[in-house]
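All remarks here apply to the structure that follows.
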Amino acid sequence: MVAGATLIGADYTHAWRRAGVAMLIATAAAACLLPLDGAVARLCRGLSIGGDLKRELEFVQQFGAITSVIIVAVAIALLDPRRRARLWDLGGVVVLNALAGWVLKVLIGRPRPRFDDPFGFIGPVGTYPLTINGEVVERHSWEVWGGISSNLWSAPSSHTAAAAALGFALSFLYPQLRWLMLGLVVVVGAARVLLLAHYPADVALGAGLGYAAACVAMHARLGSRVAGRLRFISA
0 MVAGATLIGA DYTHAWRRAG VAMLIATAAA ACLLPLDGAV ARLCRGLSIG GDLKRELEFV
60 QQFGAITSVI IVAVAIALLD PRRRARLWDL GGVVVLNALA GWVLKVLIGR PRPRFDDPFG
120 FIGPVGTYPL TINGEVVERH SWEVWGGISS NLWSAPSSHT AAAAALGFAL SFLYPQLRWL
180 MLGLVVVVGA ARVLLLAHYP ADVALGAGLG YAAACVAMHA RLGSRVAGRL RFISA
């Protein structure tokens, strides 16, 4: 019992350490890409992507979104009974990534590329002028009731984070998929930039966040722990 608890504690510490390193690397990569963000956005704006290519990019960028997570979870439950218990941890990945991503978006407060203001970080206390119902108003990044939509939530890229979270979680369960998952994360990130939803720095930060969330939830069995405690409380 003591040895098992020690092993779990070691895995938990190791998971957080790896997650921290991933976020440091992602932050450094985002900082290096930041000076290029404006130029890349202007280049993508001039491409005028449309037709089937745009539809394919819009489709593939949804890898990691809730529908794909449900499909993957059902497939694992049907085809791999030995790993059904790990679906709790997959759920933990999704929840942890979503919560952390939203907090970072609010704390960073970066306008989307459509505003052509790559250095316009407002943080949680600053405001940014948005046109809402034909009127220009100042809004904080956390004023979700103020009609901001996701206009001030460019960083990090939640689509890239979701793709990385699901991809690395699946790579943990099925190591033979790691290169396919890595390729999908890259494609999702590229799609978000090409479709002018994010800057490259946003994508780098999102990829790091998704990996960190998957690392913590899968290595530390976060979802399984929560489920176990809930069963204990209800017993």
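Take numbering that gives the first Met the number 0: the final residue in the sequence shown is number 234, and no numbers are missing along the way.
The C-beta atom is built at its ideal place from N, Cα and C for all residues, glycine as well.
Determine the contact status of residue i and residue j, defining contact as a CB-CB distance below 8 Å.
{"i": "residue 88", "j": "residue 156", "result": "no"}
{"i": "residue 198", "j": "residue 112", "result": "yes"}
{"i": "residue 84", "j": "residue 211", "result": "no"}
{"i": "residue 86", "j": "residue 97", "result": "no"}
{"i": "residue 110", "j": "residue 153", "result": "yes"}
{"i": "residue 29", "j": "residue 196", "result": "no"}
{"i": "residue 209", "j": "residue 159", "result": "yes"}
{"i": "residue 183", "j": "residue 95", "result": "no"}
{"i": "residue 214", "j": "residue 21", "result": "yes"}
Please report the distance separating the alpha-carbon of residue i from that of residue j.
{"i": "residue 2", "j": "residue 70", "result": "Since pLDDT at residue 2 reaches only 42, below the 50 mark, its modelled position is unreliable, and no value is offered."}
{"i": "residue 65", "j": "residue 91", "result": "13 Å"}
{"i": "residue 194", "j": "residue 228", "result": "43 Å"}
{"i": "residue 136", "j": "residue 126", "result": "9 Å"}
{"i": "residue 61", "j": "residue 207", "result": "18 Å"}
{"i": "residue 16", "j": "residue 161", "result": "21 Å"}
{"i": "residue 5", "j": "residue 189", "result": "In this predicted model, residue 5 has a pLDDT of only 46, less than 50, meaning its place in the structure is not dependable; the value taken from the coordinates is given anyway. Their Cα atoms are separated by approximately 41 Å."}
{"i": "residue 50", "j": "residue 14", "result": "43 Å"}
{"i": "residue 101", "j": "residue 108", "result": "10 Å"}
{"i": "residue 0", "j": "residue 11", "result": "Unreliable placement is indicated for residue 0, whose pLDDT of 41 sits below 50; the coordinate value is still reported in the next sentence. Approximately 17 Å, taken between the alpha carbons."}
{"i": "residue 238", "j": "residue 120", "result": "Missing from the structure shown is residue 238; the chain here goes from 0 to 234 and no further."}
{"i": "residue 128", "j": "residue 36", "result": "21 Å"}
{"i": "residue 187", "j": "residue 226", "result": "31 Å"}
{"i": "residue 27", "j": "residue 33", "result": "10 Å"}
Could you give the residue range of the alpha helix (DSSP H) that holds residue i?
{"i": "residue 75", "result": "65-78"}
{"i": "residue 191", "result": "177-193"}
{"i": "residue 54", "result": "50-59"}
{"i": "residue 160", "result": "157-172"}
Under three-state DSSP, which class holds residue i?
{"i": "residue 126", "result": "coil"}
{"i": "residue 142", "result": "coil"}
{"i": "residue 220", "result": "coil"}
{"i": "residue 109", "result": "strand"}
{"i": "residue 131", "result": "strand"}
{"i": "residue 81", "result": "helix"}
{"i": "residue 5", "result": "Low confidence applies to residue 5: its pLDDT is 46, below 50, so where it sits in the model is not reliable enough to give any reading."}
When the Cα of residue i is compared with those of the options, which residue comes out closest?
{"i": "residue 39", "options": "117, 23, 26", "result": "117"}
{"i": "residue 163", "options": "181, 176, 51", "result": "181"}
{"i": "residue 105", "options": "168, 136, 149", "result": "149"}
{"i": "residue 166", "options": "153, 132, 152, 185", "result": "185"}
{"i": "residue 133", "options": "146, 73, 44, 221", "result": "146"}
{"i": "residue 43", "options": "115, 76, 168", "result": "115"}
{"i": "residue 216", "options": "191, 183, 171", "result": "171"}
{"i": "residue 78", "options": "173, 99, 141", "result": "173"}
{"i": "residue 169", "options": "74, 26, 41", "result": "74"}
Please check if any C-beta of chain E sits within less than 8 Å of the C-beta of residue i.
{"i": "residue 86", "result": "In the structure shown, chain E does not exist; there is a single protein chain."}
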